[in-house]
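Heads up, the thing below is written out as structure tokens.
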């Protein structure tokens, strides 16, 4: 297994060097469709609003600074950074725990589950900060500046409703849903206003999103027990009584549940080196809570309804899917008519009136040559930095070494989210000015963490790979003051490897392949990290907030941080004009266009398996729509009747029932959504049935019969 990971790592690195491509993931396919997720990097707890023809998205940033991110879009697919609500924790909640000072930290805490609202010319962002109560940020522009208000109290995971009578309510609680009224000036809460509106035992969850639509009150919440889903409650009166139903369930988009960390000591012990970690593997086809399950919704000017909802994308962390909403019997159901409750991976872009003007683009510039006066805005500091101990100088980032027991306690560590599905981050490190005990390099913040860097021990420097769960590997590079460091990750498959180079061209792997879980201790996905600390000092973290302690070490300089994404260009993932075979991932059979006029399965070794009976030409019909023509002359794949088993037919003259939406599942995998009933072409792997369109979507292991691997026939 290790050889497999290492060989794949070398292949990816070779691909990166050969392509030198800096294209970053964007959901926009450039043909009027988009493919989920909106971002292939972490964006937790999304909440969304529309103001006129503009859309705004707020998300969790936990302990990082700048904090509380706000994105802006014109089409709900392409997003740009509008602002962060605050730059430094000291401007919001001054406390040692936000600064990694005096033995305190807030890993797994901080800003989470924000609510964004707009009312009478003012933007409002509400969010909880652990141990500090509810915080409010207000501005007359989503670009800021933002004013901070500490509301206190014990209201979290909330929604906020500006009602028609001018009253403003917080909707909050888990299982038992409560409302509390804000004072008109938001100086606090109206005394005695809290009351239960949905009693326990009504199947409601947390992370509420509340709306008043056509006179009715709707509350969408996320529930994770025993499996992730979205619940919805509705009533004619804010105070109830409410009825509830499920509006989204079982949607993993063919994504595995993340493995969990086990046997982790309680308290802060998990931050210390020498602790053994156990990564528990998830069930092969278990959904757990890693499904489309939490987010807000809105209506576009054209009348369409859309939701943004969170989905756990394994080592990347929690990210965002864009979901069409279909009103059915008075309920805002996630998904499409005929397949309610499920989310398409690829679908038509929303009709916002602005979509034609948007060029597909990513929300951030991820690479940084450090030549500017400011860091790229994708960067965030791990906790609050000491500004006097870092600088941009002569086209490099300089980090001064301060005392730290280990990587997770290192101050002034600069981070950005790892981006999937596959990416590589490379940085140039200058080590000439390191002092005894200094450690500097490139890391992945996770639990367990890992890094590659240069350690100064007296007059000796060595390259070291540290994996928290297994120990260290050293390589002697004493003669070099400049070195290139790289981390390569397959974040879908949840592994990463580290390598180094002395010439920037030929890279050498170091250490074992790292398993990447998503865990609830840091409560974030994996993060690229640039760091410099001194490990020889005792009485860690005794340096003052101003960094004046005389025991500080030297400094490291970083240049040319380059993120490469070899799978960001998805143009070949829709093989229009090509002849392909479709191998069912459930059992390895190929789709077979039978001479009897229907589609069945051909086993490997059968007469049909390598014949034209199992070859289909993909014909582009625009906006992601395709037709499939069987090369044996029987005609076009077409859905008959209700799409039952045997209803996937071959006809000479195509019709509207011959149109499919190609679902890009990446890595050569795909699904075919019938545009007749919005369900997927598939067959049971065990029953021997012919094909139908009765499948709601992919299982996490992609082996329920509706996911194919396509191969182009040369």
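Residue numbers (the working numbering): -14 to 699.
A virtual CB, placed ideally from N, CA and C, is assigned to each residue, including glycine.
Nearest to residue i (by Cα), restricted to the options the options
{"i": "residue 662", "options": "629, 408, 152", "result": "629"}
{"i": "residue 125", "options": "88, 176, 70", "result": "70"}
{"i": "residue 446", "options": "111, 98, 468, 109", "result": "468"}
{"i": "residue 690", "options": "698, 681, 697", "result": "681"}
{"i": "residue 719", "options": "473, 182, 203, 294", "result": "Past the edges of the chain, shown from -14 to 699, lies residue 719, and the structure says nothing about it."}
{"i": "residue 211", "options": "67, 272, 614, 616", "result": "272"}
{"i": "residue 549", "options": "35, 325, 409", "result": "409"}
{"i": "residue 284", "options": "207, 275, 30, 309", "result": "309"}
{"i": "residue 326", "options": "280, 232, 375", "result": "232"}
{"i": "residue 182", "options": "194, 163, 146, 176", "result": "163"}
{"i": "residue 396", "options": "433, 215, 502, 373", "result": "373"}
{"i": "residue 36", "options": "659, 506, 337", "result": "337"}
{"i": "residue 214", "options": "478, 191, 200, 347", "result": "191"}
{"i": "residue 31", "options": "402, 603, 90, 98", "result": "98"}
{"i": "residue 59", "options": "672, 340, 123", "result": "340"}
{"i": "residue 47", "options": "79, 15, 92, 593", "result": "92"}
Close Cβ partners of residue i (< 7 Å) along its chain, the five nearest in sequence each way excluded
{"i": "residue 369", "result": "50, 73, 74, 75, 83, 84"}
{"i": "residue 553", "result": "8, 9, 10"}
{"i": "residue 184", "result": "161"}
{"i": "residue 152", "result": "166"}
{"i": "residue 652", "result": "none"}
{"i": "residue 345", "result": "11, 13, 15, 63"}
Residue i (DSSP reduced to helix, strand or coil)
{"i": "residue 693", "result": "strand"}
{"i": "residue 83", "result": "helix"}
{"i": "residue 414", "result": "strand"}
{"i": "residue 603", "result": "strand"}
{"i": "residue 378", "result": "strand"}
{"i": "residue 340", "result": "helix"}
{"i": "residue 642", "result": "helix"}
{"i": "residue 275", "result": "coil"}
{"i": "residue 394", "result": "helix"}
{"i": "residue 113", "result": "strand"}
{"i": "residue 524", "result": "The predicted position of residue 524 is uncertain, since its pLDDT is 36 and thus under 50; no value can be drawn from it."}
{"i": "residue 300", "result": "helix"}
{"i": "residue 168", "result": "coil"}
{"i": "residue 614", "result": "strand"}
{"i": "residue 686", "result": "coil"}
{"i": "residue 74", "result": "helix"}
{"i": "residue 671", "result": "coil"}
{"i": "residue 654", "result": "strand"}
{"i": "residue 556", "result": "helix"}
{"i": "residue 597", "result": "helix"}
{"i": "residue 408", "result": "strand"}
{"i": "residue 545", "result": "strand"}
Own chain, CB closer than 6 Å to residue i, minus 5 neighbours either side, in chain order
{"i": "residue 520", "result": "422, 424"}
{"i": "residue 585", "result": "577, 579, 675"}
{"i": "residue 517", "result": "384, 386, 425, 541"}
{"i": "residue 567", "result": "576, 693, 695"}
{"i": "residue 115", "result": "94"}
{"i": "residue 187", "result": "229"}
{"i": "residue 353", "result": "361, 546"}
{"i": "residue 141", "result": "113"}
{"i": "residue 28", "result": "44, 304, 305"}
{"i": "residue 597", "result": "616, 617"}
{"i": "residue 363", "result": "349, 351, 401"}
{"i": "residue 209", "result": "274"}
For residue j and residue i, believed in contact at Cβ under 8 Å, the rounded distance
{"i": "residue 26", "j": "residue 19", "result": "That belief does not hold up - the Cβ atoms of residue 26 and residue 19 are roughly 16 Å apart, past 8 Å."}
{"i": "residue 496", "j": "residue 472", "result": "About 11 Å separates the two Cβ atoms, so there is no contact after all."}
{"i": "residue 66", "j": "residue 56", "result": "6 Å"}
{"i": "residue 366", "j": "residue 399", "result": "6 Å"}
{"i": "residue 438", "j": "residue 427", "result": "7 Å"}
{"i": "residue 241", "j": "residue 670", "result": "Not confirmed; about 18 Å, so no contact."}
{"i": "residue 698", "j": "residue 600", "result": "6 Å"}
{"i": "residue 479", "j": "residue 300", "result": "5 Å"}
{"i": "residue 302", "j": "residue 452", "result": "So it is not a contact: roughly 20 Å between Cβ atoms."}
{"i": "residue 42", "j": "residue 33", "result": "5 Å"}
Own chain, CB closer than 8 Å to residue i, minus 5 neighbours either side, in chain order
{"i": "residue 420", "result": "386, 441, 519, 538, 539"}
{"i": "residue 222", "result": "202"}
Could you pull out every unbroken beta strand (DSSP E) segment of at least 3 residues lying fully inside the segment 118 to 156, listed in chain order?
118 to 124, 132 to 137, 144 to 147
Identify every run of the beta strand (DSSP E) within the segment 436 to 504, keeping only runs that are complete inside it and at least 3 residues long; order them along the chain.
445 to 452, 456 to 461, 467 to 475, 480 to 486, 493 to 500
Report the start-end ranges of each beta strand (DSSP E) in the segment 185 to 239 that is 3 residues or longer and not cut off at the edges.
191 to 198, 201 to 208, 214 to 220, 228 to 234
Secondary structure, alpha helix (DSSP H): runs of 4+ residues fully inside the segment 30 to 65:
none
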